[in-house]
Structure formats: C-alpha cells, structure tokens
Amino acid sequence: MTPVANGGRYLLGYTRLWRAKTIVFFNFVSYPEQLEVSVLNDPISFEHYKTDQFFDELIDSAGRPRPDAAPLVEAINRLPSGDLIRRQAAIERSLHRMGITFTVYGDASGTEKIMPFDIVPRVIGSMLWRHIEAGLKQRIKALNLFLDDIYNGQEILADGVVPRALIENAATFLKPCIGLKPPRGVWCHITGTDLIRDADGAVFVLEDNLRCPSGVSYVLQNRAVMKRNFPQIFSTSKVRPVNDYPAHLYQMLRWLARPEIANPTVVVLTPGIYNSAYYEHSFLAHQMGVELVEGRDLMVDDGFVYMRTTEGPQRVDVIYRRVDDVFIDPKVFRKDSVLGVEGLMDVYRNGNVALANAPGTGVADDKVVYAYVPDMIRYYLNETAILPNVKTYICQRDEDRKYVLAHIDQLVVKAANESGGYGMLIGPHSTKEECAEFADKIKKDPRNFIAQPTLSLSRMPTVVDGLLQGRHVDLRPYVLHGEKIWVMPGGLTRVALKKGSLVVNSSQGGGSKDTWVVAEPGQTAVDTQEQN
Amino acid sequence: MLSRVAESIYWMARYIERAENTARFIEVTLNLVLDQPMGVDEPWRPLINATGDDEIFNESYSVADAESVMRFMAFDRDYQNSIISALRIARENARSVRESLSSEAFEQINTLYHFVSNAARSDQSLDSPTEFFDSIRRQCHLLTGILDATMSHNTGWHFANMGRLLERADKTSRILDVKYFTLLPTVDSVGTAIDDLQWSSLLFSISGFEAYRREHHMILSDKVVDFVMLHEQFPRSVRFCVDNTETSLLAITNGETTERHALPTQRVAALRERLASTTANEILRFGLHEFVDSIQSDMNEIGSAISESYFR
Chain F
4 MTPVANGGRY LLGYTRLWRA KTIVFFNFVS YPEQLEVSVL NDPISFEHYK TDQFFDELID
64 SAGRPRPDAA PLVEAINRLP SGDLIRRQAA IERSLHRMGI TFTVYGDASG TEKIMPFDIV
124 PRVIGSMLWR HIEAGLKQRI KALNLFLDDI YNGQEILADG VVPRALIENA ATFLKPCIGL
184 KPPRGVWCHI TGTDLIRDAD GAVFVLEDNL RCPSGVSYVL QNRAVMKRNF PQIFSTSKVR
244 PVNDYPAHLY QMLRWLARPE IANPTVVVLT PGIYNSAYYE HSFLAHQMGV ELVEGRDLMV
304 DDGFVYMRTT EGPQRVDVIY RRVDDVFIDP KVFRKDSVLG VEGLMDVYRN GNVALANAPG
364 TGVADDKVVY AYVPDMIRYY LNETAILPNV KTYICQRDED RKYVLAHIDQ LVVKAANESG
424 GYGMLIGPHS TKEECAEFAD KIKKDPRNFI AQPTLSLSRM PTVVDGLLQG RHVDLRPYVL
484 HGEKIWVMPG GLTRVALKKG SLVVNSSQGG GSKDTWVVAE PGQTAVDTQE QN
Chain Z
265 MLSRVAESIY WMARYIERAE NTARFIEVTL NLVLDQPMGV DEPWRPLINA TGDDEIFNES
325 YSVADAESVM RFMAFDRDYQ NSIISALRIA RENARSVRES LSSEAFEQIN TLYHFVSNAA
385 RSDQSLDSPT EFFDSIRRQC HLLTGILDAT MSHNTGWHFA NMGRLLERAD KTSRILDVKY
445 FTLLPTVDSV GTAIDDLQWS SLLFSISGFE AYRREHHMIL SDKVVDFVML HEQFPRSVRF
505 CVDNTETSLL AITNGETTER HALPTQRVAA LRERLASTTA NEILRFGLHE FVDSIQSDMN
565 EIGSAISESY FR
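Those protein sequence lines, which keep their order, are chains F and Z.
Quick note on this note's numbering: the first sequence kicks off at 4 and runs consecutively.
Quick note on this note's numbering: the second sequence kicks off at 265 and runs consecutively.
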C-alpha cells in the first residue's frame, strides 16, 4: 500500500470519528459509509448522467445542458473530486445545528428530522418564469373572485358554472363566513401553488394551497445555506434573490390594517411548538420582527383583540394565522378548539382585526373544486388559463366515474380533503387489492374523489449514493396578494428521493432543493457578499 | 413583551440553574466521599434531604448509595427535578420562545439537553461521573455567558436573570440548611479534620471555597454562614441573588411602579432589607434552619407575586 493511500485511509477514519461525536450532540442521521469512498474514487460530474425518457430540468434529451443551466453544469463538472459531497454534508450539518426540522416526534425518542436537502439547484429560465408568474397571478385573481362570490352573491353557482351541491356540501365551505367582507376585499393573501412539468416540459397546476401553505422557510434557509457553503457557483448564474420574502409579507400584512392606524401591531398565530410547521411560524415571526403568539396569548375585550403582555393588554390589528380556520374561534367553529380565541370572528366581522388568510378559503382548494378553476378564470376574467390544470376526472360525474373505475390501475386517485400524500392511490404502483379497495371507496362516496392520469413528472439531477441520478420534482412557488400580487422568484422544489417515486412530500421521504430563477437584464441578482 | 414569553424565559433560566446546582451537589459529594474515612453512614443521604423530595426517592429506591442517588437526581425522567427533567423543561420553554432568544442560546440548550439525554439513555454507568457532572456545570455556565453576550439586556433577559437568581438563592440556602443539619450531631468534632472537610465541601458546592479562604483563612461556622447567606459581592450568596433580583425587577418596571406591578417590588425590597440588616450570629441565635425556612418562603412569595403581576 502506498503512503498516499494510507493517508487517505487515515483521513476517512478521522472524518468518521468526528461524525460519531456529533451524533451524540445533535442526533444526526448517520451517513452511508459507501458515500465517501466512492467519491474519492469517482468524481461527481454529468459525464455519465442519463435523462432516460424523462424531461430533465437541467439536461436536454441529447445530453447537453439547457442554456440557462449551462454555467451551473459546467461549474459542477469543474469541481475538484469529492467537493460536491463534502459541501452537501456541510449543508446538512448546518441545517441540523440550526434545528430546521419539519417533524417532531415524542421527546423521549429525541428524533427531529431535517427535510433532506439536495445540493444541485434547479434552474428556471427567465422566459419560463415569466409564463409561470403570469399564470399564477391570473389564477389567484380568479380564486379570490370565486371566494368572494360564493360567500356573497353566489353568481357562479346561479349561472351553473360550478355545481351548487358541490360547494354547499363541501366540509370546507364555512357557513359562518357567508356575507363576510374581508378587509381590502382579499380572501387569500398567501398561496403556495403546486406546479409540475410533464414529459414535454409543459407546466401544469397540480394543487392550489389556499389555507396555510407551508414550506417558504425552507426556501429561504436552503438559499441561505447554499450561499454560505457554495458561494462560488452563484457567480456563474444570475440568480434572483428570495430573501426579501419576509419584508413583502410584512408589507402585505400591514396593508390589511385599518388605514387610520399609523403603527399597526401584526402578529403570527401558531398552534404551538408541537405543530409540525412550528419552526416556520417562529422563523417568519422572527424575520418580520413581530410577536409569535398562541391562542392563549390573545383575548377579546370590548370589540378588539388584545395580547397579554408583561405591561398589560396590547391591541392586535393584524393576525397572520397559521391555525386552521375551524380552530380559530371555538364560539363559531369547533367548540373543542383550545388553539383559538373566543370571540375572534365577531371582531373580524366588525373589521377591528384582519386575518390572513381569511377563514373559509379552504373551499377553493378542495381537490374537486380544483377541476373547475379554468372555468372560473373564464367566468370571472374572460381569459383562458395560462397554466392549465392536470386532466382531472370528477368521480361524481357518471361518465368520469365509469372511466376511472375501468382504468383505476392507470390513474392517480385522490381524496378531496386529504393532503400530505395521504388518502391517495397511484394505480400503476399499486396491487390489485389496493385498487379494488379504492374502487369501493369511490363507489361509496364519489363526491370525495377525483382521478388524474399518471404523469411523467420532470426530473432533476440529484446526488444519490455518491452519483448524480435523475429524480422527479415538483415546484411550489409562493404568491402574496396585497395591494399588488407578488410572486416570489423561486419557490420550493421538492424532490422524490426514492428511485422512480412520484411522491415528493416530506412526510413520505421527499427532499428539497434550492430553486434559481435566472434574472433578466435589469433585475437584481443574488450577491453572495451580503450577510444573511 | 408577551406574558407567556416572559414566563417561559423565566422558567427556562430557573430550570437551567436547577440542573446546574444539582450537578454541583453531586460532583461535590463524589469528591467528599473519596476524602472520607470508611464507615461514614450514608454519605449520599444528605443530598436527597437537600432536594426536599425524600419521599419521592424512597418510593422508588431502597438505599441511598452513589448509584441510586445519581440515577435519581440526574437521570430519573419521572422525577420532575432531576437534571434530565429540568433540562427537558428548560428546553421545552426555550423551544416555545426561541424567537426571543439568540440562536446561539437555543443551540446551547439543545446541545446540553442532548448531551445529558444520550447519557441517560445509555445502560452503562458513567465512565467518569466527576467529569460528566463537571461538564454539565461548564455547559450551564456557557449558556449563561451566551445569554449575557448575545442577547439584548432587555425585559426578556431580566426575566431570565431573575429566574436564575431566585433559583440560585433557593439552592444555596438549601444546601447550607442541610449541611448544617447533618453537622449538628457531630458538634463534638468541631475543629477536627472531618468537620473541616464537610464545611469545605459546602463552600465547594457553591464555588465559594477560594473566595472564602481569601477573606477568612480559617473555617468557622459563623463565618461560613455569613459568607453563604449575607455576602454582598459573592455571586452565589443569598443576599447577592436577592439584591440583583431587585435590580432586574426595577429594570423591567423602568422605575415606575404601577399598581399591577407593585407587589413583587415591595416583597423583594423587604427581603433585601431584611438580609442587609441581619448578622450571622443573629441567624444562629434565631436558629439557622428556621431562618432559612422563612427566607425560602419569602422567596416563594416573591415568585408567586412575579407570576401574578407579569405572567397572568
């Protein structure tokens, strides 16, 4: 054995020793041993990367980098051997140390997980981004008009564009919100729309998340750790910044307060530390410099909302609520809720406090109502949807249901009111028994199900077992509806780390990536010199 | 500041201080046992007495030896005041207010908790108990330093400071009480080597041995009582803790005392006054145990007044 090899061995052993120590302190997920060895032998590059028959976000079917991704691909190919993995590990360590965890199990086990992070960023060209941005703005505009309509005049139901029974039987249609006029006329201020790209690279809307969409903190943290651990690759691509999101959010929330209030008090309302998104609630409150409150910190007195402070009660003007709407006021919605504030809805109706999002928005992101969004766009805006829906079969329609039951092994079936990848059947990946079970469910309660064709989701090069491999991704951009509609340039790219898997949810083994929107001339790009 | 946040910060600091003091007491006893002649009855028993939780201990453990006392006071998750439980509660509190702490402070609490939690989970007994408890003490000091150096000394910091000082005053007075109590039967041996050892260990347990020696050289019981209870500058003496609790309370009220906030201010001032006008000999004449008892109930009343005025 040569001295050099010995040196290498020693270094490996040493690295492992150091990691073992950190496991004690931070409960690290242990890394596969094979990883480091293969890196030393085999530098990571795009040389052997295969797109197979899928649409790849960075590489075209001939194996060439797409124009916007070329600088990034070249930069990665130029990296010294093992560098990419080393930096990936460093980033994962920072995420652990910062306690950026998405799920907290019982304390006794002490396991807190980070959302797995992949170092290869997704690149979105400015042309494509302009298309996505326009589509999202159009969609949010229509959805807000829809919400205002169904809780007030219900014209779209009277005109038969959306079936009345569909709305009125929806569990998410909140009767106490009928006749509500939210401050500034906006219902849905914060949206996180799930987008996918198919085998041709066309963008589709998969899901609207209009209640309390989460994940934006990962977008900001992913960017921050990338800038800290991998600054040199930013200089090769002009990347638009995302770190002004909290500032935009704060501006929007402030704007909801009554105009005569010179210095409104804005708070973030969280269900508390056991909520899986608690980290995000805390992070956003911190970034905006506002109080993070729980229901028990608030009280209603004399027509206003107050928070209990060491100096006595202090009035609250705007609440960014991250508590589900049916929990916000036990007097009006769920009586057993301990997360809300008694009497909050009365104050809200009288316009003495603003809520973002307005209660009741969930009715518009029902998976069945989703199928009607293109019709809403036509109805309210007299436009064609810029971003189309995925083809959706509505099981309540006889013809659609027949098709779904006959082709269930080829379709993705979703329950209307489930999220997080639960209550879902992926036909081609399921057994005969599972398909039959779902078919029974559909027959019993057709209203509750939709089905979509299995899409060939686009893929991204992702570091798996020390090699770049194609993995399926989606994209959740975040939209703020204040005085204007603002789309954050970027979003959360979620990646299904299991080979062939289409499920990107973090609760089901998904990870995330930094998402780069390329700046056009005149637009600001990320400056890695700036401090985060 | 939100009442809930103030309350969480206050209890976070109290429980960290509790964990630190427990680690100190165990560490000092470990050293004491090494120095003691063979055959001393149950050297670990006084430690249980100091907690005031003898009954809870007796329910689960039959003998008070090194193994059982360490398990109970350090790792027993069912015992609310064990080190692991105190750190768990401190961390829960910190988690719920992490946006009001510096990230360094939160990371340190997290690290400390996992350090003890991993030791608690392991079946093996500690390789080097002294080193382990010393490490807990150091990490608690590190946290105090981080809070001091990375957090604005704003209302939140002052609540942490009050929590820490009230807890410390309580623990200091408790350890004096118990030591004195266990020393009483051996009044004959005053001035002998073992007595000296016992009194020194008391001073060690509040890190006061060197500071005491510098002032008094000889270990004399009234001087020790004076040092532990009434010293103006030593940061673990009861008087120092009470004086500085008052300073933080005044900083929080900003000098103005509204009706809502009057009670804690009055109570702290009364206790400060009382300690300032007492001497060690008066304490001993009055009865040390009785004196410590009344000081502790005064402090409990200060605690409940703070809770009523600020956390409700």
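Ideal placement from N, C-alpha and C gives every residue a C-beta, glycine not left out.
DSSP three-state assignment for F/T496, whether helix, strand or coil: In the first sequence, counting from the first residue as 1, residue 496 of chain F sits at position 493. F/T496 falls in the strand class under three-state DSSP.
6 Å CB neighbourhood of F/Y383 in its chain, flanking five on each side removed: The residue labelled residue 383 of chain F in the question sits at position 380 within the first sequence. Same-chain partners within the cutoff: A145, L148.
Chain-ordered chain F contacts of Z/H267 [CB-CB under 8 Å]: The residue you call residue 267 of chain Z lines up with position 3 of the second sequence. First, the residue type needs correcting, since residue 267 of chain Z is Ser and not His in the sequence shown. Those within 8 Å of Z/S267 in chain F are D300, R311, T312, T313.
Separation of Z/H378 from Z/P449, as counted between CA atoms: Here residue 449 of chain Z refers to the residue found at position 185 when the second sequence is read from its first residue. Here residue 378 of chain Z refers to the residue found at position 114 when the second sequence is read from its first residue. Low confidence applies here, because Z/P449 scores a pLDDT of 49, under 50, leaving its location unreliable and the question unanswered by this model.
Distance, F/D211 Cα to F/G195 Cα: Counting from 1 along the first sequence, the entry for residue 195 of chain F is found at position 192. Counting from 1 along the first sequence, the entry for residue 211 of chain F is found at position 208. Rounded to the nearest angstrom, the two C-alpha atoms are 7 Å apart.
Same chain, Cβ closer than 8 Å to F/V356, five either side skipped, listed in chain order: Looking up residue 356 of chain F in the first sequence gives position 353. So the qualifying residues of the chain are F307, V308, V319, D320, V321, I322, L347, V350.
Three or more C-beta pairs below 8 Å linking the region 316 to 326 of chain Z and the region 357 to 373 of chain Z: No, the region 316 to 326 of chain Z is not in contact with the region 357 to 373 of chain Z.
Residue burial classification, F/Q526 (beta-carbon count within 10 angstroms, cutoff 16): In the first sequence, the residue the question calls residue 526 of chain F occupies position 523. By the beta-carbon neighbour count (other beta carbons within 10 angstroms, threshold 16), F/Q526 is exposed.
Euclidean distance between Cα positions of F/L301 and F/V344: Start at 1 with the first residue of the first sequence, and residue 301 of chain F comes out as number 298. Start at 1 with the first residue of the first sequence, and residue 344 of chain F comes out as number 341. Roughly 6 Å separates the two Cα atoms.
Chain F contact for Z/R359 (CB, 8 Å cutoff): Against the second sequence, residue 359 of chain Z aligns to sequence position 95. Contacts with chain F at 8 Å (Cβ-Cβ) include Z/R359.
Contact the region 461 to 480 of chain F vs the region 178 to 185 of chain F: 3+ CB pairs below 8 Å: Touching, no, given that fewer than three Cβ pairs across the two stretches are closer than 8 Å.
Inter-residue spacing [alpha-carbon to alpha-carbon] between F/N30 and Z/A569: Residue 30 of chain F sits at position 27 when you count from the first residue of the first sequence. Residue 569 of chain Z sits at position 305 when you count from the first residue of the second sequence. In this prediction, F/N30 has a pLDDT of 28, which is less than 50 and means its spatial position is unreliable; nothing more can be read from the coordinates.
Residue-chain proximity (F/L295, chain Z), Cβ-Cβ < 8 Å: What you label residue 295 of chain F is simply residue 292 of the first sequence in a count that begins at 1. Nearest CB-CB separation between F/L295 and chain Z: below the 8 Å threshold.
Z/S349 versus Z/S573: straight-line alpha-carbon distance, rounded: Translated into the one-based positions of the second sequence, residue 349 of chain Z becomes position 85. Translated into the one-based positions of the second sequence, residue 573 of chain Z becomes position 309. Going by the C-alpha atoms only, they are around 27 Å apart.
Where F/N392 sits in the DSSP three-state scheme: Sequence index remark: in the first sequence, residue 392 of chain F carries index 389 (1-based). Of the three classes helix, strand and coil, the one that applies to F/N392 here is strand, per DSSP.
Other residues of its chain near F/L87: CB distance less than 7 Å, five sequence neighbours each side excluded: For this step, residue 87 of chain F is matched to residue 84 along the first sequence. Answer for F/L87: I47, I79, I122, V466, listed in chain order.
Spatially closest choice to Z/H405 from Z/M493, Z/A287, Z/H422, by CA coordinates: Looking up residue 405 of chain Z in the second sequence gives position 141. Closest by C-alpha distance to Z/H405, out of Z/M493, Z/A287, Z/H422, is Z/A287.
Three-way DSSP call (helix, strand, coil) for F/K516 in this model: The count along the first sequence starts at 1 and reaches residue 516 of chain F at position 513. Correct three-state label for F/K516: strand.
Buried/exposed call for Z/T522, threshold 16 Cβ in 10 Å: Against the second sequence, residue 522 of chain Z aligns to sequence position 258. In this structure Z/T522 is exposed. Its beta-carbon is surrounded by fewer than 16 other beta-carbon atoms within 10 angstroms.
Residues of the region 332 to 351 of chain F whose Cβ lies closer than 9 Å to any Cβ of chain Z, in chain order: Those residues of the region 332 to 351 of chain F that come within reach of chain Z (Cβ to Cβ, closer than 9 Å) do not exist; the list is empty.
Cβ neighbour criterion (16 or more within 10 Å) applied to F/E50: Here residue 50 of chain F is taken as the residue at index 47 of the first sequence, counted from 1. Burial call: exposed.
Proximity of Z/L484 and Z/L466 at Cβ, strictly below 8 Å: Taking the second sequence and counting its residues from 1, one reaches residue 484 of chain Z at position 220. Taking the second sequence and counting its residues from 1, one reaches residue 466 of chain Z at position 202. Not a contact, by the Cβ cut-off of 8 Å.
Span of the beta strand (DSSP E) around F/F207: Stepping through the first sequence from its first residue, residue 207 of chain F is reached at position 204. Run containing F/F207: 206 to 210, per the beta strand (DSSP E) assignment.
Other residues of its chain near F/N232: CB distance less than 6 Å, five sequence neighbours each side excluded: In the first sequence, counting from the first residue as 1, residue 232 of chain F sits at position 229. The residues are R90, A93, I94.
Buried versus exposed, by CB contacts within 10 Å (16 or more), Z/T293: Sequence index remark: in the second sequence, residue 293 of chain Z carries index 29 (1-based). Around the Cβ of Z/T293, a 10 Å sphere holds 16 or more other Cβ atoms; the residue is buried.
DSSP beta-bridge partners of F/D121: Position 118 of the first sequence, counted from the start, is the residue given in the question as residue 121 of chain F. When DSSP reads this structure, F/D121 sits in a beta bridge with F/K516.
CB contact flag (F/V206, F/L198, <8 Å): Stepping through the first sequence from its first residue, residue 206 of chain F is reached at position 203. Stepping through the first sequence from its first residue, residue 198 of chain F is reached at position 195. Yes, these two residues count as a Cβ contact at 8 Å.
Segment limits, alpha helix (DSSP H) that includes F/K444: One-based indexing of the first sequence puts residue 444 of chain F at position 441. Element bounds for F/K444: 435 to 447.
Three-pair Cβ contact test at 8 Å for the region 214 to 232 of chain F versus the region 152 to 165 of chain F: Result no; under three Cβ-Cβ pairs closer than 8 Å.
Closest residue to Z/D434 among Z/W421, Z/E356, Z/R503, Z/T511 (Cα-Cα distance): Position 170 of the second sequence holds residue 434 of chain Z. When Z/W421, Z/E356, Z/R503, Z/T511 are compared, the shortest CA-CA separation from Z/D434 is found for Z/R503.
Host alpha helix (DSSP H) of Z/W275 (start-end): Here residue 275 of chain Z refers to the residue found at position 11 of the second sequence. Per DSSP, the unbroken alpha helix (DSSP H) holding Z/W275 starts and ends at 267 to 299.
Minimum Cβ-Cβ distance from Z/A270 to chain B less than 8 Å: The structure shown contains no chain B; its protein chains are F and Z.
Own chain partners of Z/W308 with C-beta closer than 7 Å, once the 5 adjacent residues on each side are dropped: The residue you call residue 308 of chain Z lines up with position 44 of the second sequence. Around Z/W308: T293, A328, D329, A330, V333.
First through last residue of the beta strand (DSSP E) which encompasses F/A357: Locating residue 357 of chain F in the first sequence gives position 354, counting from the first residue. Residues 357 to 359.
Option in Z/D486, Z/T414, Z/E479, Z/W421 with minimal Cα separation from Z/L270: Working through the second sequence from its first residue, we reach residue 270 of chain Z at position 6. Correcting the residue type first, residue 270 of chain Z is Ala in the shown sequence and not Leu. Just measuring C-alpha positions, the residue of Z/D486, Z/T414, Z/E479, Z/W421 sitting nearest Z/A270 is Z/W421.
Residue-level contact to chain Z via CB, F/H289, 8 Å cutoff: On the first sequence, position 286 is the one that residue 289 of chain F refers to. Yes, F/H289 counts as interfacial toward chain Z.
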